[in-house]
Amino acid sequence: MKKGRYGIHGGQYIPETLMNAVNELEEAYNFYKNDKEFNDELNALFNEYAGRPSRLYYAEKVTHDLGGAKIYLKREDLNHTGAHKINNVLGQTLLAKKMGKTRVIAETGAGQHGVATATAAALMGMECEVFMGLEDTKRQALNVYKMRLLGAKVHPVESGTATLKDAVSETMREWTKRIDDTHYVLGSVMGPHPFPEIVRDFQSVISKEIKEQMLEREGRLPDAVLACVGGGSNAIGAFYHFIDTPEVALIGCEAAGRGVNTKETAATIATGRLGIFHGMKSYFCQDEYGQIAPVYSISAGLDYPGVGPEHAHLYDIKRAQYVPVTDDEAVNAFEYMSRTEGIIPAIESAHAVAYAMKLAPQMGKDKIMVINISGRGDKDCAAIARYRGEDISE
Amino acid sequence: MRIRDAFENRKAFIAFITCGDPDLETTEKLIHEMAESGADLIELGIPFSDPTAEGPTIFSANMRALSGGVTTDKIFEMTERLKGRVNIPMVFMTYANVVFSYGTERFCRRAAECGISGIILPDVPYEEKEEFASVCRSAGLEFVSLIAPTSHERIKMIASEAEGFVYCVSSLGVTGVRSEIKTDISEMINAVKAVTDVPAAVGFGISTPEQAARMAESADGVIIGSAIVKLVEKYGSDSVPYVGEYVKNIRAALDKK
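Sequence order for the protein chains is D and A.
Our numbering applies: residue 180 is where the first sequence begins, and numbers increase by one.
Our numbering applies: residue 805 is where the second sequence begins, and numbers increase by one.
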């Protein structure tokens, strides 16, 4: 298999200007991933700073209410900065620092990755600039303020659809302008090799913990693991250590927006086809001429026209299943989890909750399901209130 | 026609425009005008929704063209009409997904039928080249490779397999007019010349006749895009004489010594 490939997916489709940068990154990563000092430092950051391991919480009320499988929630929402994004960011920023970089740049959709990057940059004394779609800076104004508070510069991106894909394009452009001192902290399991591998490895701590915690609590592995999928970093993190255990069903929940039969959707696997974009071969929402589609989801974090190459491969080989979840279903799940269990999930994670609400009742009471609550929903409260016709200010 | 023809006898002027900006009729007129005014090779940009190597000028041209309804098929039809009527070679410049989603084989076959000589894909580096270059070869097209100021030791590997011409990216960053080009161009060109006799042309950031002449001191040709696209942006369907005038000025600067 060629370098950085997941079946036919992946690769390095980027301008020549960036090739030496990704090659250096690959070389550095291959060294540090086996370096004891690096791993000790990273684990200390995970535990002392980010608050790992995150809890695996038995959601008893939801379990009884849905009346089927026993439901556990992997509480990535309890991490410092409120989402799984910090796992990858601490890893990449530490790596960048070891490589002698003094500046980090990042794209962000919902703002969680931007906040996490700004946080790690503050901690490690690095310069930080974040690119965020203008549309998203409006949807997630609080996160914009947080990034600035943390010392980062936020650039609103007005081009194209002014959402996550445009933020990624703009960050790539910025990287080609200034490479020597700058590392691009890519926020998901996407982009050119070695990013999908690096991000997956740093996020795989999620499934490593689920496995240990589940064996300790239940003495066995779960029957299903559910996670939302935009680019797919929390999902691959939650899936990774179960990929070679086919008894564990892996289910990715995509954002269907207003429905997979409308154009206002971001469900890549349900509606996209094979293409090449943002450095990788994978599935993308696009028209017949390969023009990338202006996708839509209520969730800024899932509002992306592609999916990481490893997910595309897991779909091809039928190891994981991908299901679309609409805005409506996600908002209902957001409210349901808040009301029933006292946990407000991010609207992204609520997509996984929504499918769990359909699936759990169909599973026997002796079955166990884990939902990855990838982030907390504080950032979404104002938007969901607006969705319900209430006009509240933050 | 071969790309090499553009480099016979004089310093080559490679002119870029985005197809369909503001419409294909204007594009067709611009092609004739540029060929007659002294361009030696024309790079026809097929617009892409998310052109990650482009600065604001060409990015906006892509958006204007797409919102005007241009498609890959309409561009093929236009180039087919031009076949035999333009006496300089033409290449397509676009992004990997435009070619891949059309079907790489189908795209290359159709491009060859329409008299196109080669393709340039800025998001396909050496490592991914064969997927496209092998199909180009069987269709009779040349696959143009790029080198950048960051390429260093990669130049040897890239240049040794170069076809058509080597596209030397003058500066870091994206396409667009620059007041100053800091990279040591002659060093880049020398590194290319050490391994291949395929011509080397410099692009990214060149806009004035003075810059063009300076680049041509070491390079076999210069590539100008954003400066021309700016004229098209400003004058729209009336841009033909302005572009003609501009091309003549660059030609004169290249022919001076």
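Virtual Cβ for every residue (Gly too), placed ideally from N, Cα, C.
Quiz item: Which chain D residues sit within Cβ distance under 7 angstroms of proline 926/A?
Solution: Pro194
Quiz prompt | glutamate 1056/A burial status per 10 Å Cβ neighbour count (16 or more: buried) | solution = Strictly speaking, residue 1056/A in this sequence is alanine, with glutamate absent from that position. Exposed.
Exercise. Pull up the distance between the alpha-carbon of glutamine 392/D and that of phenylalanine 421/D, whole angstroms please.
Key: 14 angstroms
Quiz item: Shortest alpha-carbon distance to alanine 472/D belongs to which of Pro335/D, Tyr237/D, Lys277/D and Ala341/D?
Solution: Ala341/D
Exercise. Name the two residues that bound the continuous beta strand (DSSP E) containing phenylalanine 811/A.
Key: Phenylalanine 811/A -> no beta strand (DSSP E), and no H or E assigned at all.
Exercise. List the residues of chain A whose Cβ lies closer than 8 angstroms to the Cβ of lysine 356/D, in chain order.
Key: Leu976, Gly977 and Val978
Quiz prompt | serine 461/D - containing beta strand (DSSP E), residue span | solution = 458-463
Quiz prompt | Where phenylalanine 1008/A falls: helix, strand or coil (DSSP) | solution = coil
Exercise. Please confirm whether leucine 848/A and methionine 805/A have their CB atoms less than 8 angstroms apart.
Key: no
Self-check item: Contacts of glycine 469/D in chain A (Cβ-Cβ under 7 angstroms)
Solution: Asn901, Val902, Phe904, Ser905 and Tyr906
Exercise. Can you have a look at glutamine 291/D and say buried or exposed, based on whether 16 or more other CB atoms are within 10 angstroms of its CB?
Key: buried
Quiz prompt | 6 angstroms Cβ shell around isoleucine 358/D - same chain, five flanking residues per side excluded | solution = Ala200
Quiz item: On the three-state DSSP scale, how would you describe glutamate 426/D?
Solution: coil
Quiz item: Taking Cβ-Cβ distances below 7 angstroms as the criterion, which residues of the segment 861-878 of chain A are in contact with chain D?
Solution: Phe863, Leu870, Thr875 and Thr876
Practice problem: Determine which residues share a DSSP beta bridge with proline 524/D and list them. | Solution: Arg555/D
Quiz item: If we count Cβ pairs, one from each stretch, closer than 8 angstroms, do we get three or more for the segment 934-951 of chain A versus the segment 375-395 of chain D?
Solution: no
Self-check item: isoleucine 455/D - DSSP class collapsed to helix/strand/coil
Solution: strand
Quiz prompt | Distance, isoleucine 547/D Cα to glutamate 239/D Cα | solution = 12 angstroms
Exercise. Specify the secondary structure class of phenylalanine 969/A as computed by DSSP and reduced to three states.
Key: coil
Quiz item: Who are the near neighbours of methionine 278/D in its chain, counting only those whose CB is closer than 8 angstroms to its CB and skipping five residues on each side?
Solution: Glu203, Leu204, Ala207 and His362
Quiz item: Would you call the CB atoms of valine 347/D and alanine 299/D closer than 8 angstroms?
Solution: no
Quiz item: So which residues of chain A does arginine 184/D contact, with C-beta pairs closer than 9 angstroms?
Solution: Near arginine 184/D there are no residues of chain A at all, since even the closest Cβ is about 11 angstroms away, more than 9 angstroms.
Quiz item: Given that a residue counts as buried once 16 or more other Cβ atoms are within 10 Å of its Cβ, and exposed if not, what is alanine 262/D?
Solution: buried
Quiz prompt | chain D contacts made by the segment 934-954 of chain A, where a contact means CB separation under 9 angstroms | solution = Glu935, Ser949, Leu950, Ile951, Ala952, Pro953 and Thr954
Practice problem: Would you list the one or two residues that DSSP bridges to leucine 1035/A? | Solution: Leucine 1035/A is not bridged to any residue.
Exercise. Whole angstroms is fine: what's the gap from asparagine 213/D's alpha carbon to methionine 369/D's?
Key: 23 angstroms
Exercise. Give me the Cα-Cα distance between arginine 396/D and arginine 379/D, rounded to the nearest whole angstrom.
Key: 25 angstroms
Quiz item: For methionine 198/D and chain A, any beta-carbon pair shorter than 8 angstroms?
Solution: yes
Quiz item: Alpha carbon to alpha carbon, how far is glutamate 858/A from glycine 1007/A?
Solution: 12 angstroms
Practice problem: Give every residue of the same chain whose Cβ lies closer than 6 angstroms to the Cβ of proline 926/A, excluding the five residues on either side of it in the sequence, and list them in chain order. | Solution: Ala857
Self-check item: For alanine 952/A, the nearest candidate out of Asp315/D, Gly304/D and Lys356/D (CA to CA)
Solution: Lys356/D
Exercise. Answer yes or no: does any C-beta atom of chain D fall closer than 8 angstroms to that of aspartate 844/A?
Key: no
Practice problem: Report the partner residues of glutamine 473/D according to the DSSP bridge assignment. | Solution: Note that residue 473/D is proline in the sequence shown, not glutamine. Answer by DSSP bridge pairing: none, since proline 473/D is not bridged.
Self-check item: Interface partners of isoleucine 455/D on chain A, CB under 7 angstroms
Solution: Ala900, Asn901 and Phe904
Exercise. Kindly indicate the opening and closing residues of the alpha helix (DSSP H) around tyrosine 494/D.
Key: 488-495
Exercise. Under 8 angstroms by Cβ, that's how I've got tyrosine 251/D and tyrosine 237/D pegged, so tell me the actual separation to the nearest angstrom.
Key: 6 angstroms
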